[in-house]
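A quick write-up on the structure given underneath.
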Amino acid sequence: MTKQYARLEQTYNSIKEKIPFEPKIALILGSGLGDFADTIEIKAAIDYKDIEGFPTSTVLGHKGRFVFGYINNIPLVIMQGRVHYYEGYTMEEVVLPIRLMKKMGADILFLTNATGGVNENFQVGDFMIIKDQIGSFVPSPLIGENIEELGTRFPDMSEIYSKDLIEKIEEAAFENNIKVQKGVYLQLTGPNFESPAEIKMCNILGADAVGMSTACEAIAAKHMEMKICGISCITNMAAGISKTPLTHEDVAETADKVAPLFKKLVTDSIIKIGSEI
């Protein structure tokens, strides 16, 4: 048993008696969706600070707890606040929550985030279904001794984001008349926003949106053979495309403005995904 897996076991054992059911879907809430968990049929909540050996989110607006509940009788666990690499945590700590939710029983990971638009055809407030990603600019969460209990040493990444789940999100968007884009997400470390030259580089590499999370989480989930889907909210156009300096306050303002529509899209997507579990 590796030290990483021993830590995962310790973390899980510290809360397993508090977990009310086996969740089928794990949902991570990005900026602007923080209060989404309060709208579901809640059965239990566990604060990160009460979990042995667990990292805590330091980002403003991230509550920092797991919420267990139901949407349309679909059991899910929700991360109300994620952990970022730029907060100073190791990559092992950043993806520990993903591994813990898999340990709880979740087979599907639904990622959401607030993102900077790189594709100039996008507009602030757009939703982008993630079809692929570039995670090469942050350390892989799989570096180090492989955790054999979780997955193979060299996992395939040719389809990180499930085509089946993407179709379900597209169906939910169509039925609600919600405009969605599809694109490639690129993760950088943060916490600084990118320079115009860096955004130009991201564009050349094929990125449609850029952010500071998500890709490493998806890699860890894929290693465990979870099915993955993700939606980015384009909260700002990236540096060099945007004509004004970027601030976290502006990102949060846009995320809050489109939150009701984002919640509707996520809710109906989960219902469609859950109907076939």
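Those letters in the sequence shown? Residues -17 to 259, per the working numbering, in order.
Where is the CB? At the ideal position from N, CA and C, for every residue including glycine.
Beta-carbon within less than 6 Å of residue i's beta-carbon, same chain only, minus the 5 sequence neighbours each way: which residues are those?
i     : result
Lys0  : Ile28
Thr38 : Tyr30, Lys31 and Gly46
According to DSSP, is residue i helix, strand or coil?
i        : result
Thr(-7)  : helix
Lys150   : helix
Ser257   : coil
Lys6     : coil
Asp114   : strand
Glu130   : coil
Met86    : helix
Ala26    : strand
Tyr67    : helix
Glu(-17) : At residue -17 the sequence reads Met, which differs from the Glu that was named. In this structure, Met(-17) counts as coil in the three-state DSSP scheme.
Phe244   : helix
Arg47    : strand
Pro123   : coil
Leu78    : helix
Phe175   : coil
Ile60    : strand
Lys164   : strand
Met139   : coil
Ile213   : strand
Give every residue of the same chain whose Cβ lies closer than 8 Å to the Cβ of residue i, excluding the five residues on either side of it in the sequence, and list them in chain order.
i      : result
Asp32  : Ile(-3)
Lys246 : Asn158 and Ile160
Pro5   : Phe50, Pro57, Leu58, Val59, Met83, Met86, Gly87 and Ala88
Thr94  : Leu9, Ile10, Leu11, Gly12, Leu15, Gly212, Ile213, Ser214, Cys215, Phe244 and Val248
Can you have a look at residue i and say buried or exposed, based on whether 16 or more other CB atoms are within 10 angstroms of its CB?
i        : result
Gly212   : buried
Arg64    : buried
Arg81    : buried
Ala(-12) : exposed
Asn54    : exposed
Ser13    : buried
Ile186   : exposed
Glu74    : buried
Thr134   : exposed
Phe156   : exposed
Phe136   : exposed
Less than 8 Å between the CB atoms is what I'm expecting for residue i and residue j, so what's the real figure, rounded?
i      : j      : result
Ala19  : Ile60  : 5 Å
Gly188 : Val162 : No, Gly188 and Val162 are not in contact; Cβ-Cβ is about 19 Å, not under 8 Å.
Gly98  : Ala191 : 6 Å
Glu34  : Thr72  : With a Cβ gap of about 17 Å, Glu34 and Thr72 do not count as contacting.
Ile90  : Gln115 : Actually they are not in contact, since the Cβ atoms of Ile90 and Gln115 sit about 17 Å apart, beyond 8 Å.
Within its chain, find whatever has a CB closer than 7 Å to the CB of residue i; leave out the 5 residues flanking it on each side and keep chain order.
i      : result
Phe244 : Gly14, Leu15, Phe109 and Cys215
Pro2   : Lys25, Ala26 and Phe50
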